[in-house]
Ligand code: COA
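Numbering (the working numbering), first residue to last: 11 to 354.
Laid out in structure tokens, this is it:
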């Protein structure tokens, strides 16, 4: 390695997840509730998606409110004061505003006055992208800690007249605190991220950006709501999530059998089952909460991680795999050695 490309002293430090937190709004919307809104049935939703209910935020609640509560819980779990946070990344496709970024709003709400703040938009892969981004800031020595949040108020971009999409999503937030690893700690081992921008049209909100700014016409045409070609998305999701998982596992020098837990993006139980099957991973190793939260997009992995850590399933020393897929298309996988709590 030439001196110019050699890492400087203290650089390339590993990062560990030092705390987790999550939050979901109180209001539960069941499949039965949806039957009163669109032409659907509990049987159709459960058999196609595994979802039974989801949480829906009230009109006075913004994504930053969900994010801030998850963040407070993650900071408490990590024993880190808000005033000591150095970097905040919020992954979301339902930001409070087109700009400024939602991380700035969260900074103000939680009092993280020292942090710099950025938003990250990678749809349902957002949490994995955001953790990988923060990990690299820590690895490079730019910061010693980071607060990473995936948060969504998906209900604000759903077309409640479109039964093919409105039954699938919910609101929530998941957060983690990353810290530079102490000697001997391993934490995040590897990641594999990818994108295919040629397939943008299969999953998007068509209007409201610079291509099609909001007009009376775009509102009337319901173009500010999420649109999705479900069948196409399904196929691409399975293929790319499996490939990303295999790449991240191989980069870590591990086999699929070495992974203790897989936390897939909670898009759909059938997608999760297909991924587990293709990876050759038993269903018992999948952390699944899609039945209670639906698809919370960028929030889903953080939310599922927090639940599994707090109920004692994920234990110190175990290998955990995150894998996600979303609009863009974007996908990503990450392998971690869990560094906190009781030994597994
Ligand atoms: N209730 C009842 N019927 C519904 C319905 C609903 N909520 N939504 C769609 N249907 C109907 C369709 O109109 C269609 O009827 P038709 O055959 O008369 O035209 C029929 O059900 C089958 O629709 P189809 O889209 O073929 O269903 P599917 O088996 O592909 O399942 C999804 C639909 C959306 C559940 C599935 O495609 C999927 O999960 N895709 C991936 C979505 C996803 O996870 N996206 C996020 C990735 S990050």
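Ideal placement from N, C-alpha and C gives every residue a C-beta, glycine not left out.
Item	Value
Heavy atom of the ligand COA within 7 Å of residue 54 beta-carbon	yes
Three-state secondary structure assigned by DSSP to residue 203	strand
Helix, strand or coil at residue 236 according to DSSP, with G and I counted as helix	coil
8 Å CB neighbourhood of residue 17 in its chain, flanking five on each side removed	With a pLDDT of only 41 at residue 17, under the threshold of 50, the placement of this residue in the model should not be trusted, and no figure is reported.
Residue 350 versus residue 240 - alpha carbon distance	38 Å
Cutoff 7 Å; reference residue 87; Cβ partners in own chain excluding five residues on either side	29, 30 and 31
For residue 125 and residue 148, the rounded distance between their alpha carbons	14 Å
Given residue 187 as reference, the closest of 259, 352 and 155 once Cα atoms are compared	155
Reduced DSSP secondary structure (H/G/I, E/B, other) of residue 95	coil
Collapsed DSSP secondary structure at residue 16 in the structure displayed	The pLDDT assigned to residue 16 is 39, lower than 50, so where the model puts this residue is not dependable; a value taken from the coordinates is nonetheless given after this. Coil.
Where residue 339 falls, given that 16 or more other Cβ within 10 Å makes a residue buried	buried
Proximity of residue 322 and residue 134 at Cβ, strictly below 8 Å	no
Cβ-based neighbour list, residue 96, same chain, cut-off 8 Å, excluding 5 preceding and 5 following	124, 125, 126, 153, 154, 155 and 156
As assigned by DSSP and simplified to three states, the class of residue 23	coil
heavy atom of the ligand COA below 7 Å from residue 130 C-beta	no
Euclidean distance between Cα positions of residue 260 and residue 305	28 Å
Helix, strand or coil at residue 11 [DSSP, three-state]	At residue 11, the pLDDT of 34 sits below 50, so the modelled position is not reliable; the number obtained from the coordinates is stated separately. The answer is coil: DSSP assigns residue 11 none of H, G, I, E or B.
Cβ shell of residue 206 (< 6 Å), same chain only, five flanking positions each side left out	339
Runs of alpha helix (DSSP H) wholly within the segment 123-193 (minimum 4 residues, chain order)	136-149 and 173-176
N-terminal and C-terminal residue of the beta strand (DSSP E) that residue 346 is part of	340-347
Same chain, Cβ closer than 6 Å to residue 90, neighbours up to 5 away in sequence not counted	187
For residue 82 and residue 251, the rounded distance between their alpha carbons	31 Å
With 16 other Cβ atoms within 10 Å as the buried cut-off, status of residue 229	exposed
Residue 442 CB to nearest heavy atom of the ligand COA below 7 Å	Not covered by the structure: residue 442. The range shown for the chain is 11 to 354.
Residue(s) in a DSSP beta bridge with residue 32	184
Reduced DSSP secondary structure (H/G/I, E/B, other) of residue 335	strand
For residue 272, the residue or residues it bridges with in DSSP	296 and 331
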